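Residue numbers (my numbering): 9 to 237.
What follows is one structure encoded as structure tokens, with my remarks underneath.
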């Protein structure tokens, strides 16, 4: 992978989502950060052994805590936002005073729609996972869903090929099944799948870049992604 591919045109590193949120205190950017990470936070807390209602309260309260105490101001120039947030979450859960204070104000935390019922269903399918793995796997899964949504909007055929090949919504299909299903030749399936995979990878890098401060952070995020997904 060439550095210019990771760093953007000319090797320049664009502003990250969290840096945009920090500079402008942009409510929309802050909401996007919360929407991106609330489920991994919920998974982490549930994997710690908290019951459903307590985990819901703590998840909402955690983001109130992050915003009220201007935690984003403490983010260093290097390191991924994911790793930063995990460290903040550890401190939040271990600090009794801040935790209780945030819980009382938790109703002010979320202006995005959080589907805790769906999150609990997803979490239940991987019970027994330790908190760190639950957090990382949820981060990876949420990233994949965002990438697939973008691919579906941009290239419906590419999305359909990947969906059939890898079974995103059911059983996976082999090349012969895809050929029959879509009326394509073997060569067409091979070539179009190759292009779809390449575009998926480009979109994945774009997604991960949004919360990685440097090219080195992005490389680390990609390594973690491959390890857990």
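Glycine included, every Cβ here is placed at the ideal spot set by N, Cα and C.
Predicted model, so just to flag it, every value in this text is computed and none were measured.
A check of alpha carbon separations from residue 219 across 60, 87, 132, 155 identifies 87 as the nearest. In the DSSP assignment, residue 130 falls within the alpha helix (DSSP H) that extends over 124-132. In the assembly as shown, residue 224 is an exposed residue. Its beta-carbon has fewer than 16 other beta-carbons within 10 Å.
Burial of residue 72 is indicated by the presence of at least 16 other C-beta atoms within 10 angstroms of its C-beta. For the pair of segments examined, the region 40-52 was found to touch the region 144-156: the number of CB pairs separated by less than 8 angstroms reaches three. With a contact defined as Cβ atoms closer than 8 angstroms, residue 124 and residue 51 miss out at about 11 angstroms. Distances from the CA of residue 205 to each of 159, 39, 97 were compared; the closest alpha carbon is that of 159. Under the 10 Å beta carbon count, residue 237 is surrounded by fewer than 16 other beta carbons and is classified as exposed.
Linking residue 167 to residue 194 through their CA atoms gives a straight-line distance of about 18 angstroms. By the criterion of a C-beta distance shorter than 8 angstroms, residue 169 is surrounded in its chain by 186, 190, 197, 200, 201, 204, once the five residues flanking it on both sides are discounted. Classified as exposed, residue 129 has fewer than 16 neighbouring CB atoms from the shown chains inside 10 Å of its CB. Under the three-state reduction of DSSP output, residue 177 falls in the coil class, being neither helix nor strand. Between residue 155 and residue 211, the gap from beta carbon to beta carbon is short of 7 angstroms.
Rounded to the nearest whole angstrom, the C-alpha separation of residue 139 and residue 94 is 11 angstroms. The Cβ-Cβ distance between residue 49 and residue 67 falls below 7 angstroms. Assignment of residue 166 by DSSP, reduced to helix, strand and coil, places it in the helix class.
Taking 7 angstroms as the cut-off, the beta carbon of residue 100 is found closer than this to the beta carbon of residue 70.
Here residue 54 is buried, its C-beta having at least 16 other C-beta atoms within 10 Å. Residue nearest to residue 122 within the set 41, 221, 209, 157 is 41 (criterion: CA-CA distance). Between residue 80 and residue 65, the alpha-carbon positions lie close to 21 angstroms from each other. In the three-state reduction of the DSSP assignment, residue 88 falls in the coil class. Counting the other CB atoms within 10 Å of its CB gives residue 208 a total of 16 or more, which places it among the buried residues. For residue 233, the enclosing alpha helix (DSSP H) has its first and last residue at 223-236.
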